[in-house]
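Heads up, the thing below is written out as structure tokens.
In full-length UniProt numbering, the protein residues as written are 1 to 251.
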């Protein structure tokens with residue numbers, strides 16, 4: 001015990017001497033403001049924002065626009081009766097083609113209204129605003145071709161399939177976030193969905209200013225438009241042929 005107490009006493013004296021010497025050295029340091037700032041923030045982060053946008057609405061607009069256009073087409077598909085009457089003054093093919101043309105006009109009108117509103121809301125330049133309007137019309141017609149084919153082919157079941165197809169895309173397109181943040185299997189699936197390329201196209205116009213991504217999206221959506229327009233015309237032709245055969249049998 002006596003030895004331990006002596007060691008503690010000697011250690012206390014050594015600590016006191018060290019603190020006294022350190023205090024004396026610190027009092028001799030005359031730190032200016034740069035030294036104070038350095039000790040206050042010894043590490044500074046530097047970075048460069050890529051494709052920065054002032055508000056979150058710029059990131060969310062592509063997803064909202066794409067969703068609005070698809071929902072608008074779905075509503076039209078529910079409002080328009082695509083079951084041809086038994087007796088008409090024109091052929092069945094022309095009847096369905098007229099329906100498709102009328103719905104295409106409404107699809108273009110809804111895209112025009114939505115894109116003009118978005119252009120003012122996002123304060124787009126004239127060039128970007130014009131591209132936004134044209135691309136919106138193109139996207140709306142593409143969605144119409146898909147939904148029209150499903151409805152002509154299967155009626156109310158086709159409407160239900162179109163609705164399920166929309167819901168499926170909500171969780172596999174990344175929404176306002178990059179698709180790279182999705183699970184790997186969903187990311188692979190997203191490349192085959194039209195809503196993904198619609199969102200990418202709107203992103204390239206609104207915030208990214210990426211012409212390669214824009215034309216890539218246009219190419220894929222153009223393929224969807226062409227394929228489903230041809231499928232729609234084929235379905236119309238078969239419907240018209242069946243209607244004509246039924247009319248001959250009744251006659």
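The C-beta atom is built at its ideal place from N, Cα and C for all residues, glycine as well.
Because the structure is a prediction, the values reported are computed rather than measured.
With a threshold of 7 Å on Cβ separation, who are the neighbours of residue 91 within its own chain once the five nearest residues in sequence on each side are excluded? 240
Got a sec: does the ligand PLP put a non-hydrogen atom nearer than 6 Å to the Cβ of residue 140? Looking at this structure, you won't find the ligand PLP or any other ligand, since it has none at all.
Run through DSSP, which three-state label would residue 82 get? coil
When 115, 78, 215 and 209 are compared against residue 67, the one with the closest alpha-carbon: 115
When you compare each of 164, 129 and 44 to residue 71 by their alpha carbons, which one comes out closest? 164
Take residue 206 as the anchor and find which of 181, 135 and 216 has the nearest alpha-carbon. 135
Do residue 103 and residue 138 have their C-beta atoms closer together than 7 Å? no
Excluding the five sequence neighbours on either side, which residues of its own chain have a C-beta within less than 8 Å of the C-beta of residue 155, listed in chain order? 82 and 83
Nearest to residue 224 by alpha carbon, out of 204, 237, 196 and 242? 196
To the nearest angstrom, how far is it from the Cα of residue 228 to the Cα of residue 144? 9 Å
Which residues mark the beginning and the end of the alpha helix (DSSP H) in which residue 155 is found? No alpha helix (DSSP H) holds residue 155; DSSP gives it neither H nor E.
Segment limits, alpha helix (DSSP H) that includes residue 197: 194-203
In whole angstroms, what is the alpha-carbon distance linking residue 158 and residue 150? 5 Å
Is residue 256 helix, strand or coil when you go by DSSP? Absent from the structure is residue 256, since the part of the chain shown begins at 1 and ends at 251.
Cβ-Cβ distance between residue 142 and residue 221 below 7 Å: yes
Can you name, in chain order, every residue of its own chain whose Cβ lies under 6 Å from the Cβ of residue 198, other than the five neighbours on each side? 66 and 139
Can residue 259 and residue 62 be called in contact, C-beta distance under 7 Å? Nothing about residue 259 can be reported from this structure: the residues present for the chain run from 1 to 251 only.
Given this structure, state the Cα-to-Cα distance separating residue 152 from residue 238, to the nearest angstrom. 10 Å
Reduced DSSP secondary structure (H/G/I, E/B, other) of residue 234: helix
Buried or exposed for residue 121, going by 16 or more other Cβ atoms inside 10 Å? exposed
Other residues of its chain near residue 214: CB distance less than 7 Å, five sequence neighbours each side excluded: 201, 204 and 205
Simplified DSSP state of residue 161, which is helix, strand or coil: helix
Using a 10 Å radius around the Cβ and a threshold of 16 neighbouring Cβ atoms, would you call residue 194 buried or exposed? buried
Can you tell me whether DSSP reads residue 108 as helix, strand or coil? helix
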